[in-house]
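These notes concern the structure reproduced below.
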Amino acid sequence: MSATSKYKLMAVLACSLLPTVVLALCVGAEFSSFKDAFAALLGQADNIEQQIIRDIRLPRVILALLIGACLAVCGTASQGLFRNPLADPSLIGVSAGAAMGASLCIVFFYLLFAQVASVTIVAIAAFIGGMLASVLVYRLANNENGTSVAMMLLAGIAVTAFAAAVSSFSEFASSNAQLRRISLWQMGSLAGSSGGQRAALAVVLLLLLIVLQKQAMKLNALLLGESEARHLGVDVQRLKVHIVIAIAAGVGLSVAMAGTIGFVGLVVPHIMRLIIGPDHRYLLLASALGGALLLLIADTLARTVLAPSELPVGVITAIMGAPFFLVLLRIKRNQLL
Amino acid sequence: MKLRFPSLDQAFACLEAREVCLSLGGQRVLKPVSFSACAGELVVIIGPNGAGKSSLLRLLAGEYSPDHGELILHEQRLAEMSLDQRAAHISVLSQHSRLNFPFTVEQVVAMGRMPFSLGYQADQEICEQAMKATDCYEFRDRTYTQLSGGEQQRCQLARVFTQSWPAEEGRPNYILLDEPNNCLDLSHQKILLDYCRKRTDDNAVVLMVLHDLNLAFQYADRILLMHEGRLYANGSPWEVVESGLLESVYGVKLHYSAHPEKNVPMVIM
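Residue numbers (UniProt numbering), protein chains in the order written: chain W, 1 to 337; chain S, 1 to 269.
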């Protein structure tokens with residue numbers, strides 16, 4: 001595939017975001033016509049319509065786009081780091097580590113300061129938790145012969161189990177208000193974010209894309225192997241630190257704001273790689289667009305299939321992603337042992 | 001990023017190991033080893049399994065740093081050179097490659113131009129020449145992961161040659177190859193070694209590990225015979241054969257004769 005056709009594909013993805021956004025704004029427990037939706041956006045519809053579309057659906061759509069892009073970019077980066085297409089942050093324990101950091105923070109911040117921790121502090125704790133988990137799993141799975149996939153997935157299971165235990169433990173230690181907050185957040189929802197939070201996420205996403213895009217060639221070289229990359233003049237240690245921080249920041253913030261949403265980081269980069277190839281110079285941006293699109297569709301489904309009640313969006317992504325993961329495992333079976 | 005180098009005096013254009021020792025995991029894999037390889041030389045390292053050949057090559061590639069001793073490139077200590085500088089001088093083919101992402105052959109080869117790109121057109125030209133030299137130009141659009149072992153090896157070789165392209169007249173490149181004839185059939189082994197010879201004629205230094213003694217004798221200017229982390233012999237193929245060390249080092253009875261056409265020794269078990 002030539003560079004031009006890669007950009008064309010990205011243009012197609014970007015263009016298909018627009019109708020999806022419009023559709024997502026129109027459907028839900030209450031269906032609105034396109035005309036009403038536009039009127040509401042411009043502030044010319046009646047009160048209720050306006051509230052539903054502009055104050056409830058629009059923020060949610062924006063958050064879905066941002067988090068989807070963020071998770072897919074982090075998935076791409078972590079697959080590059082582990083040199084393995086199965087290394088999704090939610091499978092290798094990074095998301096669980098972030099979740100552990102977040103729930104510990106919600107509880108212990110309260111014990112120490114007698115107030116519920118703000119999202120910023122929870123996000124920082126999630127970032128630290130995610131970083132610890134990714135460093136631990138990377139250390140365990142990597143030796144001088146490269147990445148062991150089996151070790152990576154097993155270490156992921158162990159970290160996830162440990163993190164889940166710590167999270168449950170902290171629930172026991174928490175008050176009613178916190179328990180409510182923890183369980184709401186654990187279900188993973190894209191509803192009810194503030195403008196400031198979305199802005200912060202947008203900034204982090206932009207930074208992630210800039211940092212990783214700048215290292216795209218080095219990420220490509222890393223896929224050849226660590227020593228091969230070093231022979232090509234890449235400071236591998238530095239590159240790895242950059243990637244781990246980027247993944248932890250992206251996943252940590254996503255987890256703090258919307259809970260654990262699995263499989264986006266696995267499915268999207270994989271599909272994009274099938275279409276435009278593994279070159280990170282194009283893959284990162286394409287994954288961001290694909291992730292935004294996928295999570296928006298998943299979230300729109302989550303709040304329409306059982307309307308007026310809604311499913312956690314993680315359920316939809318897991319239903320789509322888990323079979324995909326199993327198929328991948330089957331194809332890559334010979335690489336596992 | 002373009003890197004420019006002062007034109008170098010021929011006499012200094014050497015890669016030199018001075019009394020280097022190396023321990024890995026508590027095991028001494030290299031006891032003091034000294035040698036040098038200079039511009040225009042094709043040097044072959046031979047020796048039994050576990051003799052320290054690959055360790056020596058990796059040490060020269062900058063993957064390990066020696067416990068004692070120094071590695072010198074152009075009168076400059078290798079340890080003081082930046083990764084960029086090293087990559088601009090030395091290109092390395094490792095024994096195993098583990099790329100399992102679906103890059104095309106062309107993309108893999110093009111990665112060799114990362115350390116000092118000369119611009120898209122020039123790089124493209126260099127990649128094309130390198131791919132033709134290792135006979136993988138025919139399948140440049142195919143996916144690396146779907147190639148046979150020998151084809152993958154040729155692709156990796158093309159990448160290594162692409163990296164060590166002479167940027168200026170007379171600038172020596174150092175090409176370190178660990179068992180480059182792995183998986184290659186006879187004709188491609190010949191193509192590879194003839195090409196290495198051509199590069200040394202263009203002032204490059206090629207240092208490779210080979211197991212095939214006859215192939216080594218036919219092409220090497222100099223043979224380094226290693227055993228148990230030491231350098232047992234360092235000389236022309238005839239000198240190494242005449243030293244009588246081969247039998248004791250390999251622990252097998254050997255018969256020698258001369259190559260019917262070239263003035264090199266031949267050895268059979």
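Beta carbons: idealized from backbone N, C-alpha and C, even for Gly.
Item	Value
Contacts that Arg273 of chain W makes with chain S (C-beta to C-beta distance below 8 Å)	Phe101, Pro102
Coarse secondary structure for Glu232 of chain S, derived from DSSP in three states	Just to set this straight, residue 232 of chain S is Tyr in the shown sequence, not Glu. In this structure, Tyr232 of chain S counts as strand in the three-state DSSP scheme.
Where the stretch 208-219 of chain W meets chain S: residues whose CB sits under 7 Å from a CB there	Met217
Within 8 Å, strictly: CB atoms of Pro89 of chain W and Gly75 of chain W	yes
Residue nearest to Arg198 of chain W in terms of C-alpha spacing, selected from W:Ser227, W:Ile67, W:Met131	W:Ile67
Asp123 of chain S, enclosing alpha helix (DSSP H) - first and last residue	120-133
Residues within the stretch 162-187 of chain S neighbouring chain W, beta-carbon criterion of under 8 Å	Gln163
For Ala102 of chain W and Leu25 of chain W, the rounded distance between their alpha carbons	30 Å
Assigned secondary structure, Arg222 of chain S (DSSP; H/G/I helix, E/B strand, else coil)	strand
Where Tyr227 of chain S falls: helix, strand or coil (DSSP)	Here the sequence assigns His to residue 227 of chain S, which means Tyr is not the residue at that position. His227 of chain S: strand per DSSP, three-state reduction.
Under 9 Å from the C-beta of Glu63 of chain S: neighbouring residues of chain W	Ser227, Arg230, His231
Where Gln27 of chain S sits in the DSSP three-state scheme	strand
DSSP three-state assignment for Val255 of chain W, whether helix, strand or coil	helix
Residues in the stretch 276-302 of chain W having any Cβ partner in chain S nearer than 9 Å	Gly277, Pro278, Asp279
Candidates S:His227, S:Tyr195, S:Arg230: closest to Tyr219 of chain S by CA position	S:Tyr195
Below-8 Å beta-carbon distance, Asp235 of chain W vs any chain S residue	yes
Neighbour-count burial assignment, Cys15 of chain W, 16 or more Cβ in a 10 Å radius	exposed
Through-space distance from Leu224 of chain W to Gln189 of chain S, alpha-carbon basis	23 Å
Arg83 of chain W CB to nearest heavy atom of the ligand GDP below 7 Å	Here there are no bound small molecules, and the ligand GDP is not part of this structure.
Proximity test, Cβ basis, 8 Å: Leu328 of chain W and chain S	no
Exposure label - Leu336 of chain W; buried when at least 16 CB within 10 Å	The predicted position of Leu336 of chain W is uncertain, since its pLDDT is 47 and thus under 50; a value taken from the coordinates is nonetheless stated next. With fewer than 16 other Cβ atoms within 10 Å, it is exposed.
Buried/exposed call for residue 270 of chain S, threshold 16 Cβ in 10 Å	Nothing can be reported for residue 270 of chain S, as the shown portion of chain S is limited to 1 through 269.
Tyr144 of chain S in three-state terms, based on DSSP	helix
Assigned secondary structure, Ala13 of chain S (DSSP; H/G/I helix, E/B strand, else coil)	coil
Pairwise C-alpha distance: Leu253 of chain W and Leu201 of chain W	7 Å
Residue-chain proximity (Ala221 of chain W, chain S), Cβ-Cβ < 8 Å	yes
Phe263 of chain W burial status per 10 Å Cβ neighbour count (16 or more: buried)	buried
Where Ile92 of chain W falls: helix, strand or coil (DSSP)	coil
Beta carbon of Val251 of chain W nearer than 8 Å to that of Val94 of chain W	yes
First and last residue of the uninterrupted beta strand (DSSP E) at residue 275 of chain S	Summary: the structure shown does not reach residue 275 of chain S, with chain S confined to residues 1 through 269, and so no result is reported for it.
Residues sharing a beta bridge with Ala37 of chain S, DSSP	S:Leu15
Helix, strand or coil at Cys70 of chain W [DSSP, three-state]	helix
Residue-level contact to chain W via CB, Arg140 of chain S, 8 Å cutoff	no
Three-state class that DSSP yields for Asn181 of chain S in the structure shown	coil
Ser5 of chain W versus Gly62 of chain S - alpha carbon distance	40 Å
8 Å contact criterion, which Arg230 of chain S and Val43 of chain S should meet: CB distance rounded	So it is not a contact: roughly 17 Å between Cβ atoms.
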